[in-house]
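Chemist: Counting from 93, one number per residue, gives the positions in the sequence shown under this note's numbering.
Positions of the beta carbon are idealized from the N, C-alpha and C atoms, including for glycine.
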Amino acid sequence: MLIFYFKTAFRNLLKNKASSIINITGLTIGLAVVIIIAVFISHELSYDNFHKNADRIYRIINGKADDKDSYAGTSAPLGPFLQSDIPEILSYTRLHKAEMVVEFQNRKFPEQGFYFADPSFFEIFTFPLINGEAGTALKKPNSMVITEKAAKKYFGSDNPVGKVLSVDDAFDFTVTAIAKDVPENSHFHFEFLIPFERLDDVLHTHYLKSWGNWNYFTYILTAENTDIEQLQSKVKDLFKTKLPNHPDVPTDLTFQPIKNIHFQFNRINIEPAFNDKYLTIFFGVAIAVLLIACVNFINLSTAQSIKRAKEIGLRKTIGADQMELLKQFLLESILLSTIAASLSIILVELILPVVNTISGKHLAIEFTNISNYLVFIGLIVFTGILAGIYPATVLASFNPVKALKEKVNQKSKISFRNVLVVFQFTVSIALIICTIIISKQISFIRTANLGFVKEQIINIPLKNRDLIMKSQTLKEEFLKNPNVISASVNNYQPSNHNQFWGGFKWEGMSKNEENSSMWIIHTDRDFINTYQIKMIEGEDYLANFKITDKRSFILNKSALKMLNWETSVGKEITYWGHLKGNVIGLMDDFHFRSLHHSIEPCAIVISNLGRNISVRIKTTDITSILASLKKTWDSFGSNISFEYYFLEDDFAKLYQSEIRISSVLEYFTFVAVFLACIGLFGLTTFMAERRKKEFGIRKVLGASALRIWKEFSINYTQWVIIANIIAWPIAYFFMNKWLQDFTYKIGISMWTFIISGGIALLIALATVSWQAIRAAMANPIKALKYE
93 MLIFYFKTAF RNLLKNKASS IINITGLTIG LAVVIIIAVF ISHELSYDNF
143 HKNADRIYRI INGKADDKDS YAGTSAPLGP FLQSDIPEIL SYTRLHKAEM
193 VVEFQNRKFP EQGFYFADPS FFEIFTFPLI NGEAGTALKK PNSMVITEKA
243 AKKYFGSDNP VGKVLSVDDA FDFTVTAIAK DVPENSHFHF EFLIPFERLD
293 DVLHTHYLKS WGNWNYFTYI LTAENTDIEQ LQSKVKDLFK TKLPNHPDVP
343 TDLTFQPIKN IHFQFNRINI EPAFNDKYLT IFFGVAIAVL LIACVNFINL
393 STAQSIKRAK EIGLRKTIGA DQMELLKQFL LESILLSTIA ASLSIILVEL
443 ILPVVNTISG KHLAIEFTNI SNYLVFIGLI VFTGILAGIY PATVLASFNP
493 VKALKEKVNQ KSKISFRNVL VVFQFTVSIA LIICTIIISK QISFIRTANL
543 GFVKEQIINI PLKNRDLIMK SQTLKEEFLK NPNVISASVN NYQPSNHNQF
593 WGGFKWEGMS KNEENSSMWI IHTDRDFINT YQIKMIEGED YLANFKITDK
643 RSFILNKSAL KMLNWETSVG KEITYWGHLK GNVIGLMDDF HFRSLHHSIE
693 PCAIVISNLG RNISVRIKTT DITSILASLK KTWDSFGSNI SFEYYFLEDD
743 FAKLYQSEIR ISSVLEYFTF VAVFLACIGL FGLTTFMAER RKKEFGIRKV
793 LGASALRIWK EFSINYTQWV IIANIIAWPI AYFFMNKWLQ DFTYKIGISM
843 WTFIISGGIA LLIALATVSW QAIRAAMANP IKALKYE
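Shown next as structure tokens:
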């Protein structure tokens, strides 16, 4: 019997070629979208799951884990302090990312994947070693672990263990182990690891024992079955007991599960987080696109059911019951779903490279994973049943006598088809609205007034200590170029998501203000002029300012508000527990982070040294200006390649996630609208064919072609108008929630809904009109010649 069902199913697919092609095309595209989104969601959810003890690894942060204004950095003494008194903490490691210059065989390479880490790094994290011992790889002060990629770059096919690499022209490190390259689904990516104990030495700082500098990441491995809430409470009690009234000790520490880091926006994340709301959006899109494809199948199947009425009537007459017919039609649906699913895999493999380019990911289907095959089979059966259950029920329920006479009453079925058309266009219109709003929001945040001028600024990183010590001299040489307007030496620039954050103290502060903190930017006095930030107080003083032994600060208005001061110039403040200085100026607020965040208190610390030079240039001939800057750079004989980046481009990267999501959503919106249109086209094709005798009679009786076109078209476009009424509030609800993630956002304009509705209406009208015009212009004699 099963073989008979299959033969019948194949015969019907071949017999109804047009509807089969439309159904298979729609389901193939729909399933391809579902598979791509499933691969993407699976990839995002897999972040940091590869660690053996992922369920027991936590990052310690200041504030609540799900608060985007919480601070992911901690002070260097925190890890050792906690492990010494809390047995539930089995191990800890601290991380600090730095940009260093590596020298090998008289060649210098700027490297960004440089991390300081404790010897227990490999005890906590699962990064397999190809060569070397995990337990001892970072124990010696001069030890270094490198990845496969770094090993190949510096040593080719040679074994690098035991060989020496020079760092920043001053420090020699011996390679002790080779680690496999860090997987993409890790929230941080290293290429070089050196002992954390060398941090002060290599970076020329003194923060290893300072509680006031919160710019290091602390990870812990907890004992099995540890109650994290009790552990956090225990930590608070420990601070109260051992470090009472310490002004720089954090009071609100949270243990953040490593699996959640990728989705939580915290201050100074090692790498940008991903908004998990987009996973919900894409899951919804996948369901919507699949449903649209299934609706096409339902509508076309029920629309042409009259063609199979005699077959059904005959089979019922010779003894087939309703359940047998139901099984047959469901099997046909599953067979069609199987063909579509097979084609969708081919389609996915063809377009995944394009998706990866747009999304910036390296997505791939894991064909070696058996569970994926089970999911795939489940998807085929689910899609087949979802698409086929209603048509199968309708067909199997036909009265045999009426079916043989082809007098099947489908009035209610047509009504249900219209409901499905409304559903398709509701989804399509909602996606069009969402796409337009997301695009407008991204355009807004990329062009908003930031409080400084980001255009025409080139940032040139200084990659070694020699260049840092000569940074002011190099800046002065750059300024000799007539096309250079101004320049500034600094450590951190707007758009850098790893800026310093530190605790501040000042005279007259209350007990409630003891843990006050603000952002810190180390830069020279020309920063204000180069970035064109408005000065409120101290502009004249700044113009004649000279570096002294005492530190000098410029505060923004938000800092003044935090300090509860009416004026700032001349007052003394202390940061990081022991570094004192006077305020010499007050600047206007400006956005030094993305517009996801509000402007926060910020202090500029005046310093003549820095790891970066910001250069404001004229827009005359950028190519020749860059060539001139490179020539000046080369004259300093650093043997390091001249690298630069435009601040405007760097700022755009802050919204890279939104930009990529917007691009992907545009494609999915197009797919949804396309599927809705081919479904509508197929439906109107069959309906026009069924009504051709009616149209022929009406034309004989005097109806004009225009009247027939109007009646046929309006019958479908009215459902698109109803879809607009449903889609508008749905789209508004979801977009209003999405915009809440932005501190600065656009208003939702009514015109967005009107334009989206108009686009959908025009597309639907164009789709229907093709068949309407054919029906209206058809020769009535041909339609009635057999009557």
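Comparing C-alpha positions only, which one of F331, T166, L230, A764 sits nearest to T268?
Modeler: Counted from its first residue, the sequence shown places residue 268 at position 176. That would be L230, whose Cα lies nearest to the Cα of T268.
Chemist: Give the range of the alpha helix (DSSP H) segment to which K653 is assigned.
Modeler: One-based indexing of the sequence shown puts residue 653 at position 561. Residues 649-655.
Chemist: Say whether the segment 513-520 touches the segment 693-704, bearing in mind that this needs 3 or more beta-carbon pairs closer than 8 Å, one atom from each stretch.
Modeler: In short, these stretches do not touch, since the Cβ pair count stays below three.
Chemist: Restricting to Cα atoms, I'd like to know which of I665, L313, Q564 is closest to N618.
Modeler: For the purposes of this step, residue 618 is identified with residue 526 of the sequence shown, where counting begins at 1. Here residue 618 is Asp; the residue named in the question, Asn, does not match the sequence. Considering only alpha carbons, the answer is Q564.
Chemist: From what residue to what residue does the beta strand (DSSP E) around S580 run?
Modeler: Position 488 of the sequence shown, counted from the first residue, corresponds to residue 580. Taken as a continuous stretch (DSSP letters only), the beta strand (DSSP E) holding S580 covers 576-582.
Chemist: Compare the Cα-Cα distances from N388 to each of S686, G118, I286, I373 and report the closest residue.
Modeler: For the purposes of this step, residue 388 is taken as the residue at position 296 of the sequence shown. Answer by Cα proximity: G118.
Chemist: Can you list, in chain order, the stretches of the beta strand (DSSP E) that have 3 or more residues and sit fully within the segment 254-313?
Modeler: Those beta strand (DSSP E) runs which fall completely within the segment 254-313 and span 3+ residues are 256-259, 263-271, 284-287.
Chemist: Between D319, I534, A856, which has its C-alpha nearest E180's C-alpha?
Modeler: Here residue 180 corresponds to residue number 88 of the sequence shown, with the count starting at 1. Among D319, I534, A856, the Cα nearest to that of E180 is on D319.
Chemist: Return the CA-CA distance between G248 and N731, expressed in angstroms with no decimal places.
Modeler: Counted from its first residue, the sequence shown places residue 248 at position 156. Counted from its first residue, the sequence shown places residue 731 at position 639. The straight-line gap from Cα to Cα measures roughly 21 Å.
Chemist: May I have the straight-line CA-CA distance separating K255 from I238, to the nearest angstrom?
Modeler: Reading the sequence shown from its first residue, position 163 is the one you call residue 255. Reading the sequence shown from its first residue, position 146 is the one you call residue 238. Each residue's Cα considered, the two are about 11 Å apart.
Chemist: Within a Cβ cutoff of 8 Å, which residues of the same chain sit near I751, ignoring the five residues on either side of it in sequence?
Modeler: Sequence index remark: in the sequence shown, residue 751 carries index 659 (1-based). I534, A744, listed in sequence order.
Chemist: With distances taken Cα to Cα, identify the nearest neighbour of N648 among K626, L678, V661, N656.
Modeler: Numbered from 1 along the sequence shown, position 556 holds the residue referred to as residue 648. Checking every option, the nearest Cα to that of N648 belongs to L678.
Chemist: Within a Cβ cutoff of 7 Å, which residues of the same chain sit near V763, ignoring the five residues on either side of it in sequence?
Modeler: For the purposes of this step, residue 763 is identified with residue 671 of the sequence shown, where counting begins at 1. Result list for V763: I121, V125, V381, in chain order.
Chemist: In chain order, what residues of the same chain have a beta carbon less than 6 Å from the beta carbon of Y936, not counting five sequence neighbours either side?
Modeler: Because the chain in this structure spans residues 93 to 879, residue 936 falls outside the shown range and cannot be described.
Chemist: Check whether the Cβ atoms of P169 and K301 sit closer than 8 Å, and answer yes or no.
Modeler: As a position in the sequence shown, residue 169 is number 77, starting the count at 1. As a position in the sequence shown, residue 301 is number 209, starting the count at 1. Yes; because the gap between Cβ atoms is below 8 Å, this pair is in contact.
Chemist: Judging by CA-CA distance, which residue of C526, F682, Y584, N223 is the nearest neighbour of L554?
Modeler: Reading the sequence shown from its first residue, position 462 is the one you call residue 554. Checked all of C526, F682, Y584, N223; the closest Cα to L554 is Y584.
Chemist: Kindly indicate the opening and closing residues of the alpha helix (DSSP H) around A209.
Modeler: To locate residue 209, count along the sequence shown from 1; it is residue 117. Segment 199-209 is the beta strand (DSSP E) holding A209; no alpha helix (DSSP H) there.
Chemist: Kindly indicate which three-state DSSP category L230 falls into: helix, strand or coil?
Modeler: Mapped onto the sequence shown, residue 230 falls at position 138. In this structure, L230 counts as coil in the three-state DSSP scheme.
Chemist: Which partner residues of W598 appear in the DSSP bridge assignment?
Modeler: The residue given as residue 598 occupies position 506 in the sequence shown. Answer is I665.
Chemist: In terms of alpha-carbon separation, which member of I705, R148, F208, F760 lies closest to T527?
Modeler: Along the sequence shown, read from residue 1 onward, the residue named residue 527 stands at position 435. Of the candidates I705, R148, F208, F760, the one whose C-alpha sits nearest the C-alpha of T527 is F760.
Chemist: Do V259 and N192 count as a contact pair if the criterion is CB distance below 8 Å?
Modeler: Start at 1 with the first residue of the sequence shown, and residue 192 comes out as number 100. Start at 1 with the first residue of the sequence shown, and residue 259 comes out as number 167. It should be pointed out that residue 192 corresponds to Met in this sequence rather than to Asn. Their beta carbons are under 8 Å apart, which means M192 touches V259 by this criterion.
Chemist: Could you tell me which whole beta strand (DSSP E) segments of length 3 or greater appear in the segment 664-740?
Modeler: You should have 664-667, 671-679, 694-698, 704-709.
Chemist: Tell me which residue opens and which closes the beta strand (DSSP E) that R557 is part of.
Modeler: Sequence index remark: in the sequence shown, residue 557 carries index 465 (1-based). Segment 557-561 is the alpha helix (DSSP H) holding R557; no beta strand (DSSP E) there.
Chemist: Kindly identify the DSSP beta-bridge partner or partners of N391.
Modeler: Here residue 391 is taken as the residue at index 299 of the sequence shown, counted from 1. N391 is not bridged to any residue.
Chemist: Out of L323, N251, F284, state which residue places its alpha-carbon closest to the alpha-carbon of K189.
Modeler: Against the sequence shown, residue 189 aligns to sequence position 97. It is F284 whose Cα lies nearest to the Cα of K189.
Chemist: Return the CA-CA distance between N621 and H296, expressed in angstroms with no decimal places.
Modeler: Counted from its first residue, the sequence shown places residue 621 at position 529. Counted from its first residue, the sequence shown places residue 296 at position 204. Roughly 29 Å between the two C-alpha positions.
Chemist: Could you please give me the residues that DSSP links to I549 through a beta bridge?
Modeler: Along the sequence shown, read from residue 1 onward, the residue named residue 549 stands at position 457. In DSSP, I549 forms a bridge with R708.
Chemist: Is K189 helix, strand or coil when you go by DSSP?
Modeler: Your numbering for residue 189 matches position 97 in the sequence shown. K189 falls in the strand class under three-state DSSP.
Chemist: Nearest by alpha-carbon distance to F214: which of G452, Q204, P287 is it?
Modeler: Mapped onto the sequence shown, residue 214 falls at position 122. Residue P287 is the option with its Cα nearest to F214.
Chemist: Between T310 and I152, which are expected to be in contact by the criterion C-beta below 8 Å, what is the C-beta distance as a whole number of angstroms?
Modeler: Here the question's residue 310 lines up with position 218 in the sequence shown. Here the question's residue 152 lines up with position 60 in the sequence shown. 5 Å between Cβ atoms; contact.
Chemist: Taking Cβ to Cβ, would you say Y163 is nearer than 8 Å to L187?
Modeler: Counting from 1 along the sequence shown, the entry for residue 163 is found at position 71. Counting from 1 along the sequence shown, the entry for residue 187 is found at position 95. Contact flag unset, no.
Chemist: Anyone know if the C-beta pair for G224 and V194 falls short of 8 Å?
Modeler: Sequence index remark: in the sequence shown, residue 224 carries index 132 (1-based). Sequence index remark: in the sequence shown, residue 194 carries index 102 (1-based). Cβ atoms of G224 and V194: not closer than 8 Å.
Chemist: Within a Cβ cutoff of 6 Å, which residues of the same chain sit near K497, ignoring the five residues on either side of it in sequence?
Modeler: In the sequence shown, the residue the question calls residue 497 occupies position 405. Note that K497 has pLDDT 49, beneath the 50 cutoff, so the model's placement of it is unreliable and the number below is only indicative. No residues qualify anywhere along the chain.
Chemist: Let's test the definition: count the other Cβ atoms within 10 Å of the Cβ of T844 and tell me whether it reaches 16, buried, or not, exposed.
Modeler: Indexing the sequence shown from 1 puts residue 844 at position 752. That one is buried.
Chemist: Helix, strand or coil, according to DSSP, for K877 in the structure here?
Modeler: The residue given as residue 877 occupies position 785 in the sequence shown. Unreliable placement is indicated for K877, whose pLDDT of 49 sits below 50; the coordinate value is still reported in the next sentence. It is coil, neither helix nor strand.
Chemist: Going by other Cβ atoms of all chains shown within 10 Å of its Cβ, with 16 needed for buried, is D681 buried or exposed?
Modeler: As a working note, residue 681 is residue 589 in the sequence shown. Buried is the call here.
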